[in-house]
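As they're listed, the protein sequences go chains A, B, C and D. Per my numbering, residue 620 is the first one in the first sequence, and the count goes up by one each step. Per my numbering, residue 620 is the first one in the second sequence, and the count goes up by one each step. Per my numbering, residue 620 is the first one in the third sequence, and the count goes up by one each step. Per my numbering, residue 620 is the first one in the fourth sequence, and the count goes up by one each step. The C-beta atom is built at its ideal place from N, Cα and C for all residues, glycine as well. Model, not experiment: these values are computed from the prediction. These notes are about the structure you will find just below.
Protein chains: 4
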Amino acid sequence: MGTNGRMINVGLVGYGYWGPNLLRNLVASPGCNVMAVCDSSRERLALAKERFPTLSTVTEYEELLSLDSLDAVVIATPIFTHYSLAKKALAAGKHTFVEKPIATSGREALDLLDSAERQRLTLMVGHTFLYSPPVNKVKELIDSGELGDICYVASSRVNLGIHQPDVSVIWDLAPHDFSIIFFWLGEEPSKVSASGRAFVQKGLHDVAFIDLDFPSGVVAHVQDSWLSPSKRRQMTVVGSRKMVIYDDTNLEEQVRIFDKGVAYIDDPDCFGKHQLTYRTGDITTPRLEPLEPLAVELAHFVDCVRTGARPKTDGFHGLGVVRALEAAQQSISNGGGKKVVQPLNLDNVLADTIALTEDLSHV
Amino acid sequence: MGTNGRMINVGLVGYGYWGPNLLRNLVASPGCNVMAVCDSSRERLALAKERFPTLSTVTEYEELLSLDSLDAVVIATPIFTHYSLAKKALAAGKHTFVEKPIATSGREALDLLDSAERQRLTLMVGHTFLYSPPVNKVKELIDSGELGDICYVASSRVNLGIHQPDVSVIWDLAPHDFSIIFFWLGEEPSKVSASGRAFVQKGLHDVAFIDLDFPSGVVAHVQDSWLSPSKRRQMTVVGSRKMVIYDDTNLEEQVRIFDKGVAYIDDPDCFGKHQLTYRTGDITTPRLEPLEPLAVELAHFVDCVRTGARPKTDGFHGLGVVRALEAAQQSISNGGGKKVVQPLNLDNVLADTIALTEDLSHV
Amino acid sequence: MGTNGRMINVGLVGYGYWGPNLLRNLVASPGCNVMAVCDSSRERLALAKERFPTLSTVTEYEELLSLDSLDAVVIATPIFTHYSLAKKALAAGKHTFVEKPIATSGREALDLLDSAERQRLTLMVGHTFLYSPPVNKVKELIDSGELGDICYVASSRVNLGIHQPDVSVIWDLAPHDFSIIFFWLGEEPSKVSASGRAFVQKGLHDVAFIDLDFPSGVVAHVQDSWLSPSKRRQMTVVGSRKMVIYDDTNLEEQVRIFDKGVAYIDDPDCFGKHQLTYRTGDITTPRLEPLEPLAVELAHFVDCVRTGARPKTDGFHGLGVVRALEAAQQSISNGGGKKVVQPLNLDNVLADTIALTEDLSHV
Amino acid sequence: MGTNGRMINVGLVGYGYWGPNLLRNLVASPGCNVMAVCDSSRERLALAKERFPTLSTVTEYEELLSLDSLDAVVIATPIFTHYSLAKKALAAGKHTFVEKPIATSGREALDLLDSAERQRLTLMVGHTFLYSPPVNKVKELIDSGELGDICYVASSRVNLGIHQPDVSVIWDLAPHDFSIIFFWLGEEPSKVSASGRAFVQKGLHDVAFIDLDFPSGVVAHVQDSWLSPSKRRQMTVVGSRKMVIYDDTNLEEQVRIFDKGVAYIDDPDCFGKHQLTYRTGDITTPRLEPLEPLAVELAHFVDCVRTGARPKTDGFHGLGVVRALEAAQQSISNGGGKKVVQPLNLDNVLADTIALTEDLSHV
């Protein structure tokens with residue numbers, strides 16, 4: 620269900636650190652009219668009005684939702700409020716965009732998904748990287764078979780700061796890694812484990828090393844840290860035919876393709892035997908379009924609301940990320956054991972809720 | 620027991636890939652006379668004689684060991700032969716240098732250690748990095764307190780190739796990481812786990828992600844791979860006061876010290892509360908002496924044999940590395956569970972053998 | 620003469636590519652009230668009003684200058700208009716800030732300088748780099764003697780584009796290099812030569828190699844290009860005691876100090892003789908304050924107008940840069956001969972105009 | 620004239636810094652027998668014998684030349700001796716390989732060339748870079764037209780040390796730049812100028828900035844220095860269709876091809892007018908064969924001697940480099956004026972000698 624293509628009316632919820640970026644892009648988005656911005660702080664709202672003087676502002680969320688002609692909300696508030704705000708928006712019949720992660724547990728995410736599906740409302744999560752040119756380039760390379768069979772993905776997302784006061788580094792940084800990796804591989808992990816250390820704040824890990832096993836046999840490794848001397852945003856994909864490094868900090872060369880690999884050749888000295896040989900070819904940096912991912916993402920949301928199309932980062936994607944985050948957090952809190960992430964029977968998703976994760980050691 | 624300072628007679632065992640480097644350095648080592656080189660291949664021995672025409676060569680190990688005036692042997696043969704060759708050398712009363720890792724199991728390593736200790740013979744393992752200027756510089760920074768409390772160590776040792784036909788990447792590359800990390804921290808891990816993938820050769824992992832927990836609370840993470848698009852030899856040490864990156868591929872700047880950290884300051888808005896602040900100061904690349912680690916290592920061996928001093932990389936160090944390798948290999952083979960590495964009661968080492976590792980899940 | 624510290628009224632002239640940056644910083648500058656923005660394009664003015672709704676706008680420069688309470692103008696228009704606009708502003712008794720370069724010839728620059736000096740008005744040129752932390756850090760290192768005697772400065776300022784339609788790469792990029800180098804060395808060149816090639820546009824060089832000789836004996840070399848595969852903004856200062864690389868594209872490490880040098884030592888083999896030895900010490904990246912140079916620059920202009928202080932990048936500095944640009948352009952147009960830049964007798968500057976550059980071959 | 624393909628007998632002259640590399644490669648070169656090594660120092664000869672015990676050695680050059688069966692000499696002695704040693708070798712009827720530069724003046728180089736041509740002897744100069752895979756790759760890219768029309772070449776060859784006691788940095792480093800550039804462009808410069816500074820040693824420039832104008836209109840710029848904080852060996856070739864960076868210190872990626880350029884397009888707003896547009900495509904690092912240039916070079920010499928083929932780096936190439944060096948040195952010594960390098964009338968080369976360079980100011 621969409622709006623049959625008419626211009627849509629959107630309300631922005633939350634004008635803190637990230638809200639101004641969303642507002643700027645929503646205002647510039649064709650097909651979208653920003654009806655109002657909602658924030659509990661009048662000071663923050665004053666900043667929004669200074670920037671866009673004709674903008675309406677409200678301090679009460681209920682007031683925003685009660686606007687009859689409002690089609691959709693865009694939620695950019697602290698993580699722990701995502702579920703209740705999105706739940707109310709869906710209950711009020713509004714299409715809903717929530718910043719990542721969609722909720723703080725699989726159970727909450729599933730409930731939002733259930734609400735949206737029942738009412739045929741658009742539910743989209745702000746996993747912005749999936750709208751960036753380098754991430755989509757790597758997806759193309761994988762799907763076209765150019766990389767061959769995928770062996771593993773390794774990701775490093777480290778720098779100094781900024782410590783969150785209420786969640787570990789896993790909930791802060793791993794949503795990016797997980798979203799990108801699940802998108803690339805087209806699957807969600809069957810097992811997750813994590814170890815690390817809570818050094819600065821008691822009980823909140825500031826460094827995490829996460830292992831993911833996928834049903835296909837592919838493995839992934841994620842290193843997230845708020846305690847590291849230099850910024851690093853690098854993901855490596857190793858395939859049987861080619862390998863890729865995606866470095867988000869190297870703006871000139873975000874994606875590099877290495878025509879390298881290992882192959883078996885017949886052993887010339889011994890009939891019937893094989894030996895390994897290493898192949899090294901060209902390295903290519905493909906040209907990428909200079910698009911702003913956030914603009915693409917919001918245009919996609921507006922488009923999905925208008926046409927009823929399913930978003931690329933829909934509730935199922937958001938749910939998959941949250942379930943893996945939950946499993947990783949349980950593992951690191953318990954000292955590193957592997958967690959099985961039960962496959963969801965999507966036929967049953969709308970029928971009833973299910974237990975989402977279970978300790979491997981109990982299986 | 621040493622040789623009271625007289626020149627010592629050394630035999631080199633194995634003239635394969637690494638042997639020529641050892642021979643060149645032994646010949647140039649003061650206080651050391653190379654009596655003979657032993658290799659089962661006459662072709663390899665011919666190469667040695669071409670380089671050093673006056674050198675004696677033998678094809679039988681027993682013949683080498685039977686030389687009365689031989690003081691010591693230097694063993695550079697395939698890993699699976701280390702134990703038996705070293706065992707025979709010690710039995711023949713020869714001081715023994717073995718390339719890393721010292722053996723293929725903790726039990727073997729302990730047996731060699733026991734033999735050497737009982738006979739007061741020098742037993743040294745070729746963990747060469749511990750004789751390199753950058754590794755020693757980082758050790759100094761840690762021991763002097765300049766880095767503050769250590770939070771974690773992360774190591775990446777990846778490139779394309781060379782697959783070993785009989786051992787996993789753990790036994791091939793992790794000896795370097797483990798030896799360096801244990802030396803820096805002055806302790807051995809209490810728990811080890813590893814995951815990864817055996818992609819090219821069935822049953823032999825070519826990529827491994829290893830977690831190490833230390834008694835002090837420090838954690839370490841090691842990423843080793845034979846399947847990676849570009850070479851990386853980088854170790855990061857994060858302390859509460861400063862952080863260090865040691866990059867072995869950046870010859871101009873192997874060690875970089877970052878005067879960065881996180882600190883608590885009094886929250887000006889709220890008495891009795893604190894908030895985090897990030898400190899960023901200078902980055903320094905200290906000048907390092909251009910020493911060849913292998914030359915330093917062999918000179919140290921000769922010196923220990925002559926004076927009876929205990930080597931920096933003695934049998935205990937070699938044993939600690941092998942026990943951790945064994946635990947990591949068991950973990951990766953079993954799918955990633957944590958292994959407890961039991962502390963050795965060193966008083967009992969010479970009395971009897973003990974079980975070295977035990978599955979965490981059985982505790 | 621200043622405004623005795625009261626808040627000053629400023630008019631911005633030109634709201635094209637650079638104007639919005641100036642406006643944003645002027646609005647945020649303490650002690651400064653933006654009275655009006657002047658641009659001949661109503662569309663551009665509409666953009667300014669959209670951003671700052673309460674702003675006054677005018678399309679006629681004369682209208683702006685006729686505002687009685689206007690203290691100062693900030694001129695950000697195409698280069699060839701700088702002289703006439705600044706001349707009118709000074710004639711109207713307004714303090715004047717002109718974007719770099721101050722004018723298109725030494726004669727024009729000198730005339731502006733003369734006007735400003737006679738009326739005791741502030742005349743400042745927008746050589747923004749002189750307000751940036753890395754450039755000031757290098758200045759400190761030179762002035763403190765830490766680098767020793769300066770041997771040479773080499774600068775590369777190259778990338779692909781953007782070709783100017785009316786001036787060569789010398790007038791577009793070299794103002795930055797010249798301004799920085801003259802500031803660092805505290806002197807202006809006595810000889811200038813340049814060669815290069817006009818490849819894309821007939822008669823307008825897109826690549827230039829410029830040599831500068833200074834009275835002290837120091838030499839400088841500048842490479843400027845609009846035709847280069849990758850962006851480079853790097854300056855090297857070589858001193859007898861230390862060397863510095865300032866890389867403006869490496870945001871994490873803009874200034875790096877190399878404790879390297881050459882020294883004479885007594886030759887141990889030959890009394891009374893000396894031999895060269897190379898010294899290599901630490902490399903240090905000093906921490907720099909994260910200041911925005913443009914904000915610092917405009918605050919400085921406001922401060923100079925209010926207090927009557929002489930700006931760091933005053934008319935004399937702007938004149939020195941323009942004279943060297945003029946000499947470089949003459950040299951490259953004539954095929955590379957050296958131009959002598961006659962020293963100005965500053966006592967006579969206000970008395971009469973002088974010939975500013977003369978061909979070396981005529982001397 | 621060659622040796623009709625039989626194995627040739629070679630004598631190596633000079634066993635100093637570079638000699639051991641030549642000897643090692645000559646010994647391994649098929650078709651080549653090293654008859655003797657000649658050096659005035661018995662200590663150096665002892666080192667050669669230690670390495671190759673069966674080698675003959677002589678201290679007198681005349682003794683070497685008097686060996687009847689000697690076909691060729693390879694000369695690796697200080698620059699100022701090249702001419703006289705090569706002259707004697709050619710007079711004795713020996714094919715001659717001389718390390719770069721072939722001589723210390725154009726007049727000497729021409730004389731050697733004349734001797735070799737008259738006697739139909741092979742004369743080759745050790746411009747080793749012309750046998751390296753990256754330099755040949757760039758040549759291919761230029762000759763195939765892939766880069767389009769060449770606009771300019773810029774080269775940086777800088778590091779700290781090693782100062783030569785008798786020649787400037789131009790004679791030490793520029794032979795590499797000149798040889799490579801002339802090979803790439805297929806032409807020699809018509810004008811040369813150089814400036815710089817003699818900082819450490821009086822009268823001997825340790826930093827030089829050299830401009831070269833070619834008959835085709837291409838320009839080149841070379842920066843050579845013994846006084847620089849970090850090593851740089853980088854050459855940029857800018858063409859109208861693509862651009863290349865050859866970085867000799869980046870072993871993994873010596874050649875990088877940038878599919879970038881500027882093009883004119885019709886101006887949509889103005890019929891008959893054009894505007895510039897910048898094109899940015901992929902960046903490619905082609906795979907290069909891991910050949911050792913010195914081995915390729917010496918094999919080529921042996922092959923030319925045996926077959927009578929003309930070497931790639933023959934006497935004409937060596938002469939061209941020396942003439943440009945001579946012009947650059949004259950220019951820098953005289954303060955930077957342009958020198959015209961007169962075209963040689965090759966028909967007359969063997970007839971009589973000619974004046975090789977002449978001051979531009981006298982033309």
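Handout entry: Range of the contiguous alpha helix (DSSP H) that encloses residue 645 of chain A
Key = Taking the first sequence and counting its residues from 1, one reaches residue 645 of chain A at position 26. Residues 638-646.
Problem - C-alpha gap between residue 628 of chain D and residue 712 of chain B, whole angstroms - result: In the fourth sequence, counting from the first residue as 1, residue 628 of chain D sits at position 9. In the second sequence, counting from the first residue as 1, residue 712 of chain B sits at position 93. Straight-line Cα distance between these residues: approximately 53 Å.
Exercise for the section: Flag this pair as yes or no: are the beta carbons of residue 731 of chain C and residue 955 of chain C separated by less than 8 Å? Expected result: The count along the third sequence starts at 1 and reaches residue 731 of chain C at position 112. The count along the third sequence starts at 1 and reaches residue 955 of chain C at position 336. The answer is no: Cβ separation not under 8 Å.
Exercise for the section: Hey, could you find the ends of the beta strand (DSSP E) residue 671 of chain A is sitting in? Expected result: Position 52 of the first sequence, counting from 1, holds the residue named residue 671 of chain A. It is not in any beta strand (DSSP E) - residue 671 of chain A carries neither H nor E in the DSSP assignment.
Practice task
Determine the closest residue to residue 664 of chain B out of B:686, B:758, B:639 and B:644, with distance taken between C-alpha atoms.
Solution key: Within the second sequence, numbered from 1, the residue matching residue 664 of chain B stands at position 45. A check of alpha carbon separations from residue 664 of chain B across B:686, B:758, B:639 and B:644 identifies B:639 as the nearest.
Exercise for the section: For residue 872 of chain A, go through chain D and note every residue whose CB falls closer than 8 Å to its CB, in chain order. Expected result: Taking the first residue of the first sequence as 1, we reach residue 872 of chain A at position 253. Simply 902.
Problem - Same chain only: Cβ atoms within 8 Å of residue 591 of chain A, ignoring 5 sequence neighbours per side - result: No answer is possible for residue 591 of chain A: it lies beyond the span of chain A, which begins at 620 and ends at 982.
Practice task
Please confirm if residue 860 of chain C has its CB atom under 8 Å from at least one CB of chain B.
Solution key: For the purposes of this step, residue 860 of chain C is taken as the residue at position 241 of the third sequence. Residue-level contact check: residue 860 of chain C does not touch chain B, since none of the beta carbons of chain B fall below 8 Å from its beta carbon.
Problem - Closer than 8 Å to chain C by CB, residue 753 of chain B - result: Translated into the one-based positions of the second sequence, residue 753 of chain B becomes position 134. So, not an interface residue.
Practice task
Have a look at residue 768 of chain D and residue 798 of chain D and give me their C-alpha separation to the nearest angstrom.
Solution key: Residue numbering aside, residue 768 of chain D sits at position 149 when the fourth sequence is read from its first letter. Residue numbering aside, residue 798 of chain D sits at position 179 when the fourth sequence is read from its first letter. Rounded to whole angstroms, residue 768 of chain D to residue 798 of chain D spans 20 Å at the Cα level.
Practice task
Please name the residue, chosen from C:693, C:661 and C:926, that lies closest to residue 653 of chain C on a Cα-to-Cα basis.
Solution key: Residue mapping note: residue 653 of chain C aligns to position 34 of the third sequence, counting from 1. The shortest Cα separation from residue 653 of chain C among C:693, C:661 and C:926 belongs to C:693.
Handout entry: residue 799 of chain B, enclosing alpha helix (DSSP H) - first and last residue
Key = The count along the second sequence starts at 1 and reaches residue 799 of chain B at position 180. Element bounds for residue 799 of chain B: 788-804.
Practice task
Say whether chain C places a C-beta atom closer than 8 Å to the C-beta of residue 833 of chain D.
Solution key: Taking the fourth sequence and counting its residues from 1, the one referred to as residue 833 of chain D is at position 214. Taking a beta-carbon distance threshold of 8 Å, residue 833 of chain D does not count as an interface residue toward chain C.
Exercise for the section: Please state if the CB of residue 894 of chain C and the CB of residue 901 of chain C are separated by a distance shorter than 8 Å. Expected result: In the third sequence, residue 901 of chain C corresponds to position 282, counting from 1. In the third sequence, residue 894 of chain C corresponds to position 275, counting from 1. Contact: no.
Practice task
Please work out which residues of its chain come closer than 6 Å, Cβ to Cβ, to residue 975 of chain A, disregarding the five sequence neighbours upstream and downstream, and give them in chain order.
Solution key: As a position in the first sequence, residue 975 of chain A is number 356, starting the count at 1. In this prediction, residue 975 of chain A scores a pLDDT of 40, lower than 50, which makes its location untrustworthy; no coordinate-derived value is stated.
Problem - Euclidean distance between Cα positions of residue 903 of chain C and residue 775 of chain D - result: Here residue 903 of chain C is taken as the residue at index 284 of the third sequence, counted from 1. Here residue 775 of chain D is taken as the residue at index 156 of the fourth sequence, counted from 1. Whole-angstrom Cα-Cα distance: 24 Å.
Practice task
Verify the CB distance criterion: does residue 961 of chain B have a CB-CB separation below 8 Å to chain A?
Solution key: In the second sequence, counting from the first residue as 1, residue 961 of chain B sits at position 342. Under the Cβ distance rule, residue 961 of chain B does not count among the residues neighbouring chain A, no pair being separated by less than 8 Å.
Exercise for the section: Alpha carbon to alpha carbon, how far is residue 630 of chain B from residue 683 of chain B? Give it in angstroms, no decimals. Expected result: As a working note, residue 683 of chain B is residue 64 in the second sequence. As a working note, residue 630 of chain B is residue 11 in the second sequence. Each residue's alpha carbon lies about 7 Å from the other.
Practice task
Have a look at residue 696 of chain B and residue 622 of chain B and give me their C-alpha separation to the nearest angstrom.
Solution key: Translated into positions along the second sequence, residue 696 of chain B becomes position 77. Translated into positions along the second sequence, residue 622 of chain B becomes position 3. Roughly 26 Å between the two C-alpha positions.
Exercise for the section: Apply the 10 Å Cβ neighbour rule to residue 626 of chain D and answer buried if 16 or more other Cβ atoms are within range, or exposed otherwise. Expected result: Within the fourth sequence, the letter at position 7 stands for residue 626 of chain D. Within a 10 Å sphere around the beta-carbon of residue 626 of chain D sit fewer than 16 other beta-carbons, which makes this residue exposed.
Exercise for the section: Could you name the residues of chain C that residue 899 of chain B contacts, counting a contact when the two beta carbons are closer than 8 Å? Expected result: The sequence position of residue 899 of chain B within the second sequence is 280, counting from 1. Within 8 Å Cβ-Cβ: 906.
Exercise for the section: Please name the residue, chosen from C:825, C:858, C:744 and C:908, that lies closest to residue 771 of chain D on a Cα-to-Cα basis. Expected result: Counted from its first residue, the fourth sequence places residue 771 of chain D at position 152. Closest by alpha carbon: C:825.
Problem - Separation of residue 661 of chain D from residue 648 of chain B, as counted between CA atoms - result: By 1-based counting over the second sequence, the position of residue 648 of chain B is 29. By 1-based counting over the fourth sequence, the position of residue 661 of chain D is 42. Spanning the two alpha carbons is a distance of roughly 25 Å.
Exercise for the section: Please state whether DSSP places residue 769 of chain C in a helix, a strand or coil. Expected result: On the third sequence, position 150 is the one that residue 769 of chain C refers to. Assigned with DSSP and collapsed to three states, residue 769 of chain C falls in strand.
Problem - 8 Å Cβ cutoff, residue 852 of chain A in contact with chain B - result: The sequence position of residue 852 of chain A within the first sequence is 233, counting from 1. Judged by the 8 Å Cβ criterion, residue 852 of chain A is not in contact with chain B.
Handout entry: Neighbourhood of residue 747 of chain C by C-beta, 7 Å cutoff - its chain only, sequence neighbours within 5 removed
Key = Stepping through the third sequence from its first residue, residue 747 of chain C is reached at position 128. Within the same chain, residue 747 of chain C has close Cβ partners 912, 913 and 916.
Problem - residue 879 of chain B beta carbon less than 8 Å from that of residue 962 of chain A - result: If you number the first sequence from 1, residue 962 of chain A lands on position 343. If you number the second sequence from 1, residue 879 of chain B lands on position 260. No, they are not a contact pair.
Practice task
Let me know the secondary structure DSSP gives residue 949 of chain A once reduced to three states.
Solution key: Numbered from its first residue, the first sequence carries residue 949 of chain A at position 330. The answer is helix: DSSP assigns residue 949 of chain A an H, G or I state.
Handout entry: Three or more C-beta pairs below 8 Å linking the segment 865-872 of chain B and the segment 831-846 of chain B
Key = Touching, no.
Problem - For residue 675 of chain D and residue 659 of chain D, the rounded distance between their alpha carbons - result: On the fourth sequence, position 40 is the one that residue 659 of chain D refers to. On the fourth sequence, position 56 is the one that residue 675 of chain D refers to. Computed Cα separation, rounded: 14 Å.
Practice task
Any chance you could list the alpha helix (DSSP H) runs of at least 4 consecutive residues sitting entirely within the segment 651-708 of chain A, in chain order?
Solution key: List check, alpha helix (DSSP H) in window: 661-670 and 680-684.
Handout entry: Cβ of residue 981 of chain B within 8 Å of any chain A Cβ
Key = For the purposes of this step, residue 981 of chain B is taken as residue 362 along the second sequence, with counting starting at 1. Low local confidence applies: a pLDDT of 39 at residue 981 of chain B is under 50, so the model's placement there is unreliable, with the coordinate-based value given in what follows. Taking Cβ atoms only, chain A never reaches closer than 8 Å to residue 981 of chain B, which makes this a no.
Problem - Helix, strand or coil at residue 982 of chain A [DSSP, three-state] - result: Residue numbering aside, residue 982 of chain A sits at position 363 when the first sequence is read from its first letter. At residue 982 of chain A, the pLDDT of 32 sits below 50, so the modelled position is not reliable; the number obtained from the coordinates is stated separately. The answer is coil: DSSP assigns residue 982 of chain A none of H, G, I, E or B.
Exercise for the section: Would you please verify whether the beta carbon of residue 621 of chain A is less than 8 Å from any beta carbon of chain D? Expected result: Working through the first sequence from its first residue, we reach residue 621 of chain A at position 2. So, not an interface residue.
Practice task
Taking residue 957 of chain B as the query, report the chain A residues whose CB atoms sit under 8 Å from its CB, ordered along the chain.
Solution key: Sequence index remark: in the second sequence, residue 957 of chain B carries index 338 (1-based). Residues of chain A passing the Cβ test: 954, 955 and 956.
Practice task
Going by DSSP, name the residue or residues bridged to residue 823 of chain D.
Solution key: Locating residue 823 of chain D in the fourth sequence gives position 204, where the first residue counts as 1. The partner list for residue 823 of chain D (beta bridge, DSSP) reads D:820.
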